[in-house]
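According to our numbering, the sequence shown is numbered sequentially starting from 273. Positions of the beta carbon are idealized from the N, C-alpha and C atoms, including for glycine. Being a predicted model, the structure only gives us computed values, none of them experimental.
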Amino acid sequence: MILRRLLYYSRLAIFLIPFFSTEIAGQDLPQKPYPPRLVNDFAGMLKGNEVNSLENKLVAFNDSTSTQIAIVTVDDLKGYDVADYAQRLAQSWGIGQKGLNNGMLILVKPKTESSRGYVAIEQGYGLEGAIPDITCADIIDNEILPAFREGDYFGGLDKATTILMQLASGEFSADEYGKSGEDDMSNITPVIIFTIIIVILMFMRSNGGRNQRHISDKGLPLWMLLSMMNSGRGSHTG
273 MILRRLLYYS
283 RLAIFLIPFF
293 STEIAGQDLP
303 QKPYPPRLVN
313 DFAGMLKGNE
323 VNSLENKLVA
333 FNDSTSTQIA
343 IVTVDDLKGY
353 DVADYAQRLA
363 QSWGIGQKGL
373 NNGMLILVKP
383 KTESSRGYVA
393 IEQGYGLEGA
403 IPDITCADII
413 DNEILPAFRE
423 GDYFGGLDKA
433 TTILMQLASG
443 EFSADEYGKS
453 GEDDMSNITP
463 VIIFTIIIVI
473 LMFMRSNGGR
483 NQRHISDKGL
493 PLWMLLSMMN
503 SGRGSHTG
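See the structure below:
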């Protein structure tokens, strides 16, 4: 009799654990606003007119495509990994059209004097083909973080949402977006290499005549760097 009771209560405890854990997790997340909004700046990163501009932009896109993009900023991730927090919040709020999983969430936890900043883009299963995880990471690195480092939070989010809209609507593919980033690097690489050459030549000149003549006779550093420049250009063509 005692054994049966123990088995009963143990099964009941196992059954209830998911409900308690879900309730606890829900308490860590901000409540979905009412009336619903697509831009919720709980961390106070944006100005009022910037919030309204992004809100109008995202609402218009949602109305014309049924794809929903939301922006949420928070002061604290409550101990969660930023990607885990974003996933939980997107599920809790039901971002996207039910049954299509076509929602996206840009989650930002701003940097403070005592804590690091974090950014995540969480996309529904219905958008993973058009916007895979690696593309989300590229958008964060290429569009959001450079603007954030300049203090332009609105600019970073505005650029990111524009790219996400274009990808979701098929204006260009994730591969094409990735290649555009590579093309940008191909333009920068020769400049970097040329700068290195100038620095080395200045270093050679500052080392005096004997050392300068010795290096220039062999010519290895200069020719190696020129070769690197040519190979860098070729690797990004057609």
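- Looking from the CA of F420, the closest CA among L318, I465 and I472 belongs to L318.
- DSSP places L377 in the uninterrupted beta strand (DSSP E) bounded by G375 to K381.
- I412 places its beta carbon less than 9 Å from that of I393.
- Annotation: N312 is outside any alpha helix (DSSP H); the continuous beta strand (DSSP E) that includes it extends over V311 to D313.
- Beyond the five residues adjoining it in sequence on each side, Y357 comes within less than 6 Å, by CB distance, of L349 in the same chain, given in chain order.
- Boundaries of the alpha helix (DSSP H) around T433: Y425 to A440.
- Here G368 is buried. Its C-beta has 16 or more other C-beta atoms within 10 Å.
- Counting along the chain, Y390 sits inside the beta strand (DSSP E) bounded by residues Y390 to Q395.
- Annotation: V346 is outside any beta strand (DSSP E) and is labelled neither H nor E by DSSP.
- Cβ contact annotation for P305 (same chain, cutoff 7 Å, sequence separation greater than five): N312, in chain order.
- Looking at the DSSP output, I465 sits in no beta bridge, so it has no partner there.
- DSSP, read as helix, strand or coil, puts I367 in coil.
- Between E415 and A432 a beta carbon distance of about 5 Å is seen, short of the 8 Å cut, so the two are scored as contacting.
- The C-alpha of M437 is placed about 14 Å away from the C-alpha of L310.
- In this model, T339 and R388 are separated by some 31 Å (Cα to Cα).
- About 6 Å separates the CB atoms of I343 and L429; that is less than 8 Å, so the two are in contact.
- By the C-beta density criterion, G396 is buried, having at least 16 other C-beta atoms within 10 angstroms.
- Boundaries cannot be given for N414, as no alpha helix (DSSP H) includes it and DSSP labels it neither H nor E.
- In this structure, N374 keeps its C-beta atom at 9 Å or more from the C-beta atom of A332.
- CA-CA distance, K383 to L326, rounds to 21 Å.
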